[in-house]
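> Throughout the sequence shown, residue numbering follows the working numbering, covering 52 to 231 in sequence. Supplied in structure tokens, the structure appears directly below.
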Amino acid sequence: MFKSKIENHLILKKNIIFIFLFILAFNGIIYSQQYAITVEKLNVRENPDKNSNVIGSYYVNDTVTVFSKEGSWLKIKLNNKDGFINAKYVTKIIGKEDQNIEKGFKSGFKKVFFNSFIILCIIFFVYNTYKKRIADSRYKSGYREGKISFREYLTYGTYSLIISLVIGLTSGIITWISTF
Numbered sequence: 052m053f054k055s056k057i058e059n060h061l062i063l064k065k066n067i068i069f070i071f072l073f074i075l076a077f078n079g080i081i082y083s084q085q086y087a088i089t090v091e092k093l094n095v096r097e098n099p100d101k102n103s104n105v106i107g108s109y110y111v112n113d114t115v116t117v118f119s120k121e122g123s124w125l126k127i128k129l130n131n132k133d134g135f136i137n138a139k140y141v142t143k144i145i146g147k148e149d150q151n152i153e154k155g156f157k158s159g160f161k162k163v164f165f166n167s168f169i170i171l172c173i174i175f176f177v178y179n180t181y182k183k184r185i186a187d188s189r190y191k192s193g194y195r196e197g198k199i200s201f202r203e204y205l206t207y208g209t210y211s212l213i214i215s216l217v218i219g220l221t222s223g224i225i226t227w228i229s230t231f
């Protein structure tokens with residue numbers, strides 16, 4: 052019927068870990084790299100192998116979004132299918148952010164921290180709102196809303212900040228390592 056504080060704390064920890072992993076994966080997709088094709092025709096293959104089946108093509112000056120790198124092959128999406136292109140036939144498109152000295156840790160941290168902080172604040176406050184619902188048959192909806200104290204807002208905001216810092220630091224370290 053009623054869960055103990057320890058059970059609630061364990062559930063909250065599990066949810067925080069899940070949210071951390073979700074945001075880390077989500078930000079990796081959002082901040083994928085853009086590349087330009089440098090050859091007349093570039094075949095997109097099913098697997099990272101030159102003998103794999105061709106599923107499509109790109110032409111000179113087309114741009115592609117690369118999601119990951121596997122050896123000398125880049126993983127892309129073509130018509131909602133995963134495909135692979137050889138990295139030696141493309142060049143990375145360098146935007147303003149990449150032209151700055153800010154490479155590695157700092158840019159990885161900045162990209163992820165703010166987004167994860169906002170997402171976590173929203174998730175924590177929505178969770179807290181639903182947690183405060185009190186069963187009451189006198190109301191049409193079957194429950195009444197409990198009040199959220201300033202202390203709870205401050206607590207969940209602090210949780211969001213700490214978790215966002217960990218996510219940002221992790222992303223920054225990963226970005227920094229990828230510069231080697």
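Every residue gets a Cβ at the ideal spot worked out from N, C-alpha and C, and that includes glycine. On a predicted model such as this, the values are computed, not experimentally measured, just so you know.
Out of Glu97, Val115 and Ile106, which one is the CA nearest neighbour of Ile88?
When Glu97, Val115 and Ile106 are compared, the shortest CA-CA separation from Ile88 is found for Val115.
> Any contact between the stretch 134–141 and the stretch 165–177? By contact I mean 3 or more CB pairs, one from each, below 8 Å.
no
> Where does Lys65 fall in DSSP's three states?
helix
> Below 8 Å on the Cβ atoms is my guess for Val105 versus Asn94; work out the distance and round it to an integer in Å.
5 Å
> Which residue marks the beginning of the beta strand (DSSP E) containing Ser119, and which one marks its end?
Thr114 to Glu121
> Hey, out of Ile127, Asp113, Lys162 and Ser200, whose CA is closest to Arg221's CA?
The residue you asked about is not Arg; residue 221 is Thr in the sequence shown. For Thr221, the closest of Ile127, Asp113, Lys162 and Ser200 by C-alpha to C-alpha distance is Lys162.
> Quick one: is Leu125 buried, meaning 16 or more other Cβ sit within 10 Å of its Cβ, or exposed?
buried
> Using the Cα positions of Ile228 and Gly107, report the straight-line distance between them to the nearest angstrom.
Straight-line Cα distance between these residues: approximately 33 Å.
> Pick from Lys101, Ser103, Ser211 and Asp113: whose alpha carbon is nearest that of Glu91?
Asp113
> Alpha carbon to alpha carbon, how far is Tyr204 from Lys182? Give it in angstroms, no decimals.
13 Å
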